[in-house]
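The number in the working numbering is simply the position in the sequence shown, starting from 1, with 50 added.
Presented below is the structure to which this report refers.
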Amino acid sequence: HMRRQAEERLREAQRKRGQGRVEAANIQALQALVTKLQEENRRLTEEVHRERQSMFNHQMSNRQWEQKLEKVERNREEKERMVEHIDEVETRASELESVNQKLTDETNERAMHVMRLQSDIDKLSGAKDEVEEMRKALDKFKEEAAGMALMKGKTEELMRELVAKEGEVRRMAEGRDSAEAERARLVVLNGQITARLSERDAEREDLMHQLRVAKDQISKCARVNEQKLSIIERKYASTKQLNRVLEDRILHISAPLQEKHAMGR
51 HMRRQAEERL REAQRKRGQG RVEAANIQAL QALVTKLQEE NRRLTEEVHR ERQSMFNHQM
111 SNRQWEQKLE KVERNREEKE RMVEHIDEVE TRASELESVN QKLTDETNER AMHVMRLQSD
171 IDKLSGAKDE VEEMRKALDK FKEEAAGMAL MKGKTEELMR ELVAKEGEVR RMAEGRDSAE
231 AERARLVVLN GQITARLSER DAEREDLMHQ LRVAKDQISK CARVNEQKLS IIERKYASTK
291 QLNRVLEDRI LHISAPLQEK HAMGR
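Here it is in structure tokens:
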């Protein structure tokens with residue numbers, strides 16, 4: 051505005067000079083004033099441009115820091131998801147531990163049943179030995195009762211007992227065969243349960259290893275994120291302070307221009 055006023059005054063002076071009303075010295079002074087004002091205006095314009103460019107660069111830097119802060123927030127959300135995954139792994143490990151305990155109890159019950167069957171088999175073997183002894187005694191009684199009619203009744207009684215014992219032995223033998231089959235089935239089942247327990251133990255160990263690795267990774271990520279967040283916060287505060295300084299400088303530079311503009315008016 052001041053430059054326009056000076057140019058108008060120069061043109062007016064030139065017109066007056068053409069008319070012979072203004073001296074040449076006044077025209078030269080006005081020309082020098084216009085040149086000086088143009089140089090000052092150019093210098094101030096360049097300085098304002100540099101300050102605006104610096105402020106733009108700092109704003110770009112602020113956007114970069116904001117992007118880094120958003121990345122830290124995403125890392126924090128990822129850490130929360132990993133914590134939820136760890137909780138799921140721990141829950142799965144607890145369920146596997148419960149199943150493992152249940153299978154162990156079932157195996158113990160099967161083992162007790164096998165022990166009872168083994169005891170029954172031992173009893174059957176003892177009964178068979180007893181039948182053999184009775185058969186030997188019967189043979190002895192037969193030899194003694196060859197010429198004794200009085201021993202006939204006792205012999206018949208022993209025969210009936212022998213038949214009854216033989217029937218009982220047959221039933222016990224059948225029961226022993228059934229017990230042997232049950233024992234074989236229980237042995238196979240016990241092997242299957244043992245294999246399942248081994249698989250469960252291996253799976254639980256693998257889950258526990260994954261849990262330990264995930265906890266270590268979370269601890270490392272948490273420490274790194276805390277350090278990065280602290281650095282970002284410090285740099286962000288420094289950048290904000292620098293922006294305030296730049297704004298103050300721009301206001302300080304713009305003040306003379308506003309004053310000159312007011313003076314020109």
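Every residue gets a Cβ at the ideal spot worked out from N, C-alpha and C, and that includes glycine.
Integer Cβ distance of residue i from residue j, believed to fall under 8 Å
i, j, result
"I243", "E156", "7 Å"
Residue i versus the options, residue with shortest Cα-Cα distance
i, options, result
"E289", "E89, R93, Q114, E97", "For clarity, residue 289 is Thr in the given sequence; the question names Glu instead. Of the candidates E89, R93, Q114, E97, the one whose C-alpha sits nearest the C-alpha of T289 is Q114."
"R166", "E232, S269, V274, E127", "E232"
"R250", "V237, E96, S148, A214", "S148"
"E138", "L261, E211, Q267, K121", "L261"
Notebook entry, point to check: Taking contact to mean at least 3 C-beta pairs separated by less than 8 Å, is the stretch 286-300 in contact with the stretch 91-104?
Noted result: yes
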